[in-house]
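Single-structure report; data block below.
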């Protein structure tokens, strides 16, 4: 007998190329690809789970937000964090700096927006490490420092993928967020056009009904313009503004579309 059915928004956070998108793909459809595809903005994936307990069963729908891992896209990330009830924080066990980013950037940034929501840490790509014991010791140190649960996993083999998500699900249902020091997020962004790209994308989302509605269009048009979100250029962003305006023209009147376009081009020109 099912006692309850709840729906919760959760986040997948971590630096670029740590395997967040691959983890979702493996967890939701049990497939894996070695191809690396940068997440542009956010992508939302739905996954239904059933949690059994002595007192009954709970049907849980996870709305999993895969958030752009490039530092500096503060508008996109801040907006994505709103309303989240839990977060899976991912690092690449073969790149220690991605674990440091969880403490220096992602957690302070997250807790600046949310309450102390449940967090589970996952060290991904364990299939690549020479010493599993060393990887486990590093994870144990991180878990102790953050006072959270954690797992070593591999999106490639599927190892512990479900365990991480289920641990988060149980914490979300029991609302065991705990308390954590907020700290100050360290961005370290050197490309000024990242801030402009962030502003352009968020402005488009604002006039087109929010991230969930607009981000699929953003992904399509940013890709069409050939913009690398990790290193956007002036010319790439100018082309992206044109592409977004073209897409926008199907939904808004011409004067409003032109005004938005000129505003966004103005932001690009402001970068020296």
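Residue numbers (this note's numbering): 277 to 548.
Idealized CB from N, CA, C, for every residue including glycine.
Buried/exposed call for residue i, threshold 16 Cβ in 10 Å
i: residue 286; result: buried
i: residue 279; result: In this predicted model, residue 279 has a pLDDT of only 49, less than 50, meaning its place in the structure is not dependable; the value taken from the coordinates is given anyway. The residue in question, residue 279, is exposed, as its Cβ has fewer than 16 Cβ neighbours within 10 Å.
i: residue 329; result: exposed
i: residue 358; result: exposed
i: residue 527; result: exposed
i: residue 312; result: Confidence in residue 312 is poor, its pLDDT being 47 and thus under 50, which makes the residue's placement unreliable; the coordinate value appears in the next sentence. Exposed: under 16 other Cβ atoms inside 10 Å.
i: residue 436; result: buried
i: residue 265; result: Since the first and last residues shown for the chain are 277 and 548, residue 265 lies out of range.
i: residue 502; result: exposed
i: residue 400; result: buried
i: residue 391; result: exposed
i: residue 507; result: exposed
i: residue 305; result: exposed
i: residue 466; result: exposed
For residue i, the first and last residue of its enclosing beta strand (DSSP E)
i: residue 339; result: 332-343
i: residue 395; result: 395-400
Cβ distance (whole Å) where residue i is taken to contact residue j below 8 Å
i: residue 341; j: residue 415; result: Not really, about 24 Å apart at Cβ, beyond 8 Å.
i: residue 542; j: residue 431; result: Their Cβ separation, rounded to whole angstroms, is 41 Å, which puts residue 542 and residue 431 out of contact at 8 Å.
i: residue 282; j: residue 334; result: 7 Å
i: residue 323; j: residue 303; result: 7 Å
i: residue 369; j: residue 411; result: 5 Å
i: residue 378; j: residue 290; result: 7 Å
i: residue 536; j: residue 479; result: 7 Å
i: residue 364; j: residue 396; result: 5 Å
i: residue 317; j: residue 344; result: 6 Å
N- and C-terminal bounds of the alpha helix (DSSP H) containing residue i
i: residue 296; result: 296-305
i: residue 410; result: 408-422
i: residue 356; result: 350-357
i: residue 539; result: 530-546
i: residue 480; result: 468-483
i: residue 508; result: Careful: residue 508 lies outside any alpha helix (DSSP H) and carries neither H nor E.
i: residue 494; result: 487-500
Coarse secondary structure for residue i, derived from DSSP in three states
i: residue 370; result: coil
i: residue 329; result: strand
i: residue 312; result: Confidence at residue 312 is low in this model, with a pLDDT of 47, below 50, so the placement of that residue should be treated as unreliable; the coordinate-derived value is given next. Correct three-state label for residue 312: coil.
i: residue 441; result: helix
i: residue 549; result: Examination of residue 549 is not possible in this model, given that the chain is present from 277 through 548 alone.
i: residue 321; result: strand
i: residue 346; result: coil
i: residue 403; result: helix
i: residue 518; result: helix
i: residue 448; result: helix
Beta-bridge pairing of residue i - partner residues as DSSP gives them
i: residue 286; result: 340, 362
i: residue 425; result: 396
i: residue 281; result: 335
Near the ligand PLP: residue i beta-carbon under 7 Å from a heavy atom
i: residue 294; result: Looking at this structure, you won't find the ligand PLP or any other ligand, since it has none at all.
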